[in-house]
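Report on the following structure.
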Amino acid sequence: MTSLTLVRRIRARRSIVFDALTTPEGIACWWGPDDGPVLLAETDLRVGGRFRVRFRMLDGSEHESSGEYIEVVKPERLAMSWRWAGGEDPGESLVEIELRAIAEGTELTFTHSRLRNEETRHSHEEGWNGALDKLERHFLASANGGRHDQA
Amino acid sequence: MVKYHEQLDRTFAALVDPTRRAILTRLERKDGATVSELARPCAIKLPAVMKHLDVLADAGLITRSKVGRTVTVRLSPEPMREAMDWLRRYERFWSASLDRLAAFAESKEIEMQEKDR
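Protein sequences appear in the order of chains A and B.
First residue of the first sequence: 1, per the working numbering; consecutive thereafter.
First residue of the second sequence: 1001, per the working numbering; consecutive thereafter.
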């Protein structure tokens, strides 16, 4: 519950997915929730290097996020800190991406957590119990939809 | 804004611990429980339960009320809802972005295979 996990099976080899995730040219083609343009993409792909991406949504609003690469293991793993520029959601969070080779191509497991490093890892190692899912459903019951931690 | 951010961090930090999550789950099933009721199925001592309750109360996830010598603990859903909102916002962003990423990578893969041919 302290993190969001999403899984995608992609019919493409890992190196292609990894490059799409980490090169400015790749990022420009998919970053953002709608078809609005990516205005700026910078990546310095090494541990301690930074990334910065700015995009415009179709409603005209512009958003920028940036962070630092914490782990870079091509083509299987990527971890980076995450922060929105400006006032929206202050504070830093952690993005982790695992790419696993499967018969059809790549299985991508994406995790975005509010807590960083030790705390996050600690909570992931513990795993999530079914009781927690129940609790989550309870709180989601009044609001609509949304699935978290489904992995 | 800063206050909201600190509150969120406290909520998530409180939710990391499995004993605390278990306590919340039991409170969700039952509207109000006494401290000793909460301590009963736990393999931990009452003072440890009290400590967990302090963390949950600081995070705003529970409220405690005292009548006579009995302390009743209740779930307080607002911070949990804020944490859920945080997750939901990111889910909207990433779910759509990753779909676009997958579509882009798949078209690249096809391009590459055609080049190899």
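Yeah, the Cβ is synthetic: ideal placement off N, Cα and C, and Gly gets one too.
Residues near residue i in its chain [Cβ-Cβ closer than 8 Å; skip 5 each side]
i       : result
B/T1072 : G1032, A1033, T1034, R1064, S1065, K1066
B/A1083 : L1008, T1011, F1012, L1015
A/D35   : L58
B/R1117 : none
B/S1036 : L1046
B/E1078 : G1060
A/W30   : A20
Simplified DSSP state of residue i, which is helix, strand or coil
i       : result
A/R77   : strand
A/W82   : strand
A/L45   : coil
A/I10   : strand
A/E104  : coil
B/V1055 : helix
B/L1061 : coil
B/S1076 : coil
B/E1082 : helix
A/I16   : helix
B/E1106 : helix
A/E92   : coil
B/K1030 : coil
A/I97   : strand
A/T23   : coil
B/K1115 : helix
A/E126  : Residue placement at A/E126 is flagged as unreliable, the pLDDT there being 43, under the threshold of 50; a coordinate-derived value is accordingly withheld.
B/P1041 : coil
B/A1048 : helix
Residues sharing a beta bridge with residue i, DSSP
i       : result
A/R56   : A/E62
A/R50   : A/E68
B/V1016 : DSSP output for B/V1016 lists no bridge partner at all.
A/H112  : A/L4, A/V95
B/T1119 : Nothing about residue 1119 of chain B can be reported from this structure: the residues present for chain B run from 1001 to 1117 only.
A/L40   : A/R54
B/K1066 : B/V1071
Integer-rounded CB distance, given that residue j should sit under 8 Å from residue i
i       : j       : result
A/R54   : A/L78   : Incorrect: roughly 20 Å between the Cβ atoms, too far for contact.
B/L1087 : A/L4    : 5 Å
B/S1097 : A/P33   : 6 Å
A/S66   : A/R52   : 4 Å
B/E1028 : B/L1075 : 6 Å
A/E92   : A/R83   : 5 Å
B/A1105 : A/I16   : 5 Å
Neighbourhood of residue i by C-beta, 6 Å cutoff - its chain only, sequence neighbours within 5 removed
i       : result
A/F110  : L6, I97
A/R165  : Residue 165 of chain A lies beyond the residue range present for chain A, which begins at 1 and ends at 151; the question has no answer from this structure.
A/R11   : E104, G105
B/A1039 : L1046, V1049
A/A20   : G26
B/T1019 : H1052
A/A41   : P24, I27, A28, V53
A/P37   : R56
Close-in-space but distant-in-sequence residues of the same chain around residue i (CB under 7 Å, 5 per side omitted)
i       : result
A/A101  : R14
B/L1101 : none
B/K1030 : none
A/F18   : K74, P75, L99
A/M80   : F51, G67, E68, Y69, I70, V95
Inset, instruction - Spell out a yes or no on whether the segment 1042 to 1059 of chain B and the segment 1091 to 1102 of chain B are touching, meaning 3 or more CB-CB pairs, one atom from each, closer than 8 Å. - result: Touching, no.
Legend entry - Any 3 or more C-beta pairs closer than 8 Å across the segment 33 to 53 of chain A and the segment 65 to 74 of chain A: These segments touch.
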